[in-house]
Amino acid sequence: MSEGEGAAGAVAGVDRVRPGRALADARARRKLTVDEVAQQLKLSATQVDALEADAYDRLPGPVFVRGFVRNYARLLELDAEPLVAAIEVPATAGRPGAVAPYSKEIPFPEQRPKSWLPYALGLAVVIGAVVVFEFFFSAPPSVVVSPVAPQPVPPPIQHVAPPAPVPAELPPGEAATPATLVAEPVAAEVPAQKPPGMAAIRFVFETSSWVEVRDRENRILMSQLNAAGAAQQVQGRPPLQVVVGNAQGVRLIYNGQPFDMGPHIRADVARFTLE
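Just so you know, the sequence shown maps onto residues 367 to 641 in this note's numbering.
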């Protein structure tokens, strides 16, 4: 069987096998290791293992999971849409016949009593997602370096020239010349500058986004969830390691210049280093 036929067979089997199993089988056929896949997808080996085990509760959330599966399928040259669709199986998939597609030929009983079980399962899924999110992304509050305030400029010093000696008797028509004041020019105020060796990043959030920034000592300068419409600024010593979630809805200004995160976005998460 050719490699293309094997890939097609892996996607065709999504109805019988979970997406993670299909991805793991396709990876094995291509003789790729988990570490090699993680490096190419910019993920950790633990996240790749979670995808192949369909352990989505160990991943950040539904949006990230769909992006991870879609990118993994493209890497293996599989059709991503059936795999992504298989992730969205109802919570009752564990019961017999729950995954069967809807058909007009299948009779449904009228006045079927409402069950509280789907609502309870949905609530459990939401709580689990929140717990996983806090586990992966909880960190100390952000540290924002305040700009150095400008030093006050002292007032100009006025020098008073001593009066010229006046003779006891002045010739007719001459008068004593009054003393003149000579003022030194006022030094121009120096605008506030960033401390030497520091870099400044400004984020403008059009959608809610999780952001983490670390300096060259790997210290966390910012690690928090930011609401839509907010703006944040942080300073630190480069190189600065930056991670931005929902990156399509965030604008970044680095040292006063707009920075394009587009080339660094994978599954709507941008990871890059600012020198």
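The C-beta atom is built at its ideal place from N, Cα and C for all residues, glycine as well. Here the structure is a predicted model, which means the values were calculated and not measured.
Closest residue to residue i among the options (Cα-Cα distance)
| i | options | result |
| --- | --- | --- |
| VAL570 | MET588, ASN592 and GLU578 | ASN592 |
| GLY602 | VAL450, THR639 and GLU572 | THR639 |
| VAL635 | GLY494, VAL608, GLN623 and PHE625 | VAL608 |
| GLY427 | TYR485, GLU418, GLY494 and ALA490 | GLY494 |
| GLN413 | TYR438, ALA452 and LEU449 | TYR438 |
| ARG582 | GLN598, ALA597 and GLY563 | GLY563 |
| VAL600 | SER574, PRO561 and VAL450 | PRO561 |
| PRO629 | LYS408, LYS397 and ALA394 | LYS408 |
| ARG393 | VAL435, VAL431, VAL429 and TYR422 | VAL435 |
Residue i classed as buried or exposed, judged by whether at least 16 other C-beta atoms fall within 10 angstroms
| i | result |
| --- | --- |
| ALA558 | In this prediction, ALA558 has a pLDDT of 42, which is less than 50 and means its spatial position is unreliable; nothing more can be read from the coordinates. |
| ILE567 | buried |
| ARG585 | exposed |
| ALA388 | buried |
Simplified DSSP assignment, three categories, for residue i
| i | result |
| --- | --- |
| ASN437 | helix |
| PRO604 | coil |
| LEU442 | coil |
| LEU398 | coil |
| LEU409 | coil |
| LEU591 | strand |
Residue i: CB within 7 angstroms of a non-hydrogen atom of the ligand ZN
| i | result |
| --- | --- |
| TYR438 | Annotation note on the ligand ZN: not contained in the displayed structure, which lists no ligands. |
Own chain residues within Cβ distance below 6 angstroms of residue i, not counting five before or after
| i | result |
| --- | --- |
| ALA416 | ARG424 and LEU425 |
| GLU578 | SER589 and VAL609 |
| ARG580 | ILE586 and GLN607 |
| GLY488 | none |
| TYR422 | VAL431 |
Proximal residues to residue i (C-beta, below 7 angstroms), its chain only, five neighbours per side dropped
| i | result |
| --- | --- |
| ASP420 | ARG384, PRO385 and GLY386 |
| GLU641 | PRO604 and PRO605 |
| GLY595 | PHE571 |
Contacts around residue i, its chain only, beta-carbon distance under 8 angstroms, and the 5 residues preceding and following it disregarded
| i | result |
| --- | --- |
| GLY433 | ARG632, ALA633, ASP634 and VAL635 |
| MET627 | VAL610, ALA613, VAL616, LEU618, ALA636 and PHE638 |
Are the region 399 to 411 and the region 432 to 450 touching by the rule of at least three beta carbon pairs closer than 8 angstroms?
-> yes
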